[in-house]
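The next block holds one structure in the form of structure tokens; read it before the comments.
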Amino acid sequence: MDSRESATAILTGWYTGDGMGSQTDGMQSSEVEALCPDGIEEIYTLEESRPLCGMSSEVSDLLTLLALSIVTNKDTDVHHVKASYRKYIQEGDGPGEHIRRILQVETSKADHSLALIRCPIHGILKATQSQRKWLDFLKAETQITSSSDLCLQTVLLLSSGFGLLMEEEYDDPLLFVSALAGLAKRNRLDERIVAALHTALNQNPLAVYDTKQSSFVLTTLLVVMHSLIAFDSYEDGMKALVMRGGNARTVCALYGGFAAALYGMESIPERWTAEVFPSPALEAMIKKQTLFKRETIRMEKLAVSLTAGLLVVA
Numbered sequence: 009m010d011s012r013e014s015a016t017a018i019l020t021g022w023y024t025g026d027g028m029g030s031q032t033d034g035m036q037s038s039e040v041e042a043l044c045p046d047g048i049e050e051i052y053t054l055e056e057s058r059p060l061c062g063m064s065s066e067v068s069d070l071l072t073l074l075a076l077s078i079v080t081n082k083d084t085d086v087h088h089v090k091a092s093y094r095k096y097i098q099e100g101d102g103p104g105e106h107i108r109r110i111l112q113v114e115t116s117k118a119d120h121s122l123a124l125i126r127c128p129i130h131g132i133l134k135a136t137q138s139q140r141k142w143l144d145f146l147k148a149e150t151q152i153t154s155s156s157d158l159c160l161q162t163v164l165l166l167s168s169g170f171g172l173l174m175e176e177e178y179d180d181p182l183l184f185v186s187a188l189a190g191l192a193k194r195n196r197l198d199e200r201i202v203a204a205l206h207t208a209l210n211q212n213p214l215a216v217y218d219t220k221q222s223s224f225v226l227t228t229l230l231v232v233m234h235s236l237i238a239f240d241s242y243e244d245g246m247k248a249l250v251m252r253g254g255n256a257r258t259v260c261a262l263y264g265g266f267a268a269a270l271y272g273m274e275s276i277p278e279r280w281t282a283e284v285f286p287s288p289a290l291e292a293m294i295k296k297q298t299l300f301k302r303e304t305i306r307m308e309k310l311a312v313s314l315t316a317g318l319l320v321v322a
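Using the numbering used here, read the sequence shown as starting at 9 and increasing by one per residue.
What follows is the structure, encoded as structure tokens:
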């Protein structure tokens, strides 16, 4: 895949993962197993209990708003990005209470995985920007929602990981996670990040985490990287992750982005992507900023158009 194909796969895989995770986000794994003893095969499997299965959340929405800001301005302007996020939380009741509080009251000090949800955009930008400009914007944009140094370091690692997958073709997830572990060590990232990557590489069985534990940035890192190695397809990994519940949207989105870059766009089930749709808040923001005003917004089409715009930003 060339860089455009890789970036489009990353965003499409991310959007589809967020949609799949919508079914079990916030649920205990035991609750998911009781509802779906035979597993979850489709994005609408739990439609009766979760009628908005497949709708995007802030996990996809903030990423999209970040990309739209950059494409619209043809540059990286952190003040414009922050203003866009704040307008978004005023659009209906789509955005969650957690992100509303962070954007309206104060930046989160917690090591929460919400900080990770814009990593793909930073990874794509890495292909076109100088290292200094890229790093300065990544830090400033991450700090809109998180003041945690551990979160910032993890954002740096995962964004670099997405950038790496655009530069080089990896056909073995084990080699990719090993490369990330080497990168973390060379850059002297927090020892807990290095330890999480090595735990993933060792492939010991994953623990069952409660909803709060699953939202920690290190837990998210471990679960995603462990699953990339453990499963040899986008679909199999996604089916396993959605059954875990907990922080399902973020975990499934991150896994989806990385797995799609590793296995290609064709690895993403078209029947899943077809069921994903934007939240009312995101749709309203897009229609105010773009020429999509009279169109039905499809997430896979959005991935293509955002990629084209991002790859020409210097």
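A virtual CB, placed ideally from N, CA and C, is assigned to each residue, including glycine.
If you draw a straight line from the alpha carbon of residue 26 to that of residue 154, how long is it in whole angstroms?
Taking the straight line joining both Cα atoms gives about 21 Å.
Would you mind stating whether residue 266 and residue 236 have Cβ atoms separated by less than 8 Å?
Taking 8 Å as the Cβ cut-off, residue 266 and residue 236 qualify as a contacting pair.
Simplified DSSP assignment, three categories, for residue 285
When secondary structure is reduced to three states using DSSP, residue 285 falls in the strand class.
Nearest to residue 282 (by Cα), restricted to the options 47, 54, 58 and 63
The candidate whose alpha carbon is nearest that of residue 282 is 63.
Quick check on residue 176: buried or exposed, where buried means 16 or more other Cβ atoms within 10 Å of its Cβ?
Looking at its Cβ environment, which holds fewer than 16 other Cβ atoms inside 10 Å, residue 176 is exposed.
Once you ignore the five residues that flank residue 273 on each side, which residues in its own chain have a CB closer than 6 Å to its CB?
Here the set comprises 17.
What's the gap between the Cα of residue 261 and the Cα of residue 29?
Each residue's CA atom was taken as its position, placing residue 261 and residue 29 some 8 Å apart.
Could you round the C-beta distance between residue 254 and residue 217 to whole angstroms and report it? I think they count as a contact, below 8 Å.
So it is a contact: roughly 6 Å between Cβ atoms.
Given this structure, state the Cα-to-Cα distance separating residue 213 from residue 182, to the nearest angstrom.
Their backbone Cα atoms lie some 16 Å apart in a straight line.
Going along the chain, which unbroken runs of the alpha helix (DSSP H) with 4 or more residues stay wholly within the segment 172-207?
Correct list: 181-194.
Just the C-alpha distance for residue 73 and residue 167, rounded to the nearest angstrom, thanks.
Rounded to whole angstroms, the separation of the alpha carbons of residue 167 and residue 73 is 17 Å.
State the Cα-Cα distance for the pair residue 169 and residue 131, rounded to the nearest angstrom.
Taking C-alpha positions only, residue 169 is separated from residue 131 by approximately 7 Å.
By Cβ distance below 7 Å, which residues in the same chain neighbour residue 96 in space, the five residues on each side in sequence not counted?
Only 69, 73, 103, 289 and 293 meet the Cβ criterion.
What did DSSP end up calling residue 156 once you bin it into helix, strand or coil?
In the three-state reduction of the DSSP assignment, residue 156 falls in the coil class.
Quick one: what's residue 224 bridged to in DSSP?
Answer by DSSP bridge pairing, in chain order: 120.
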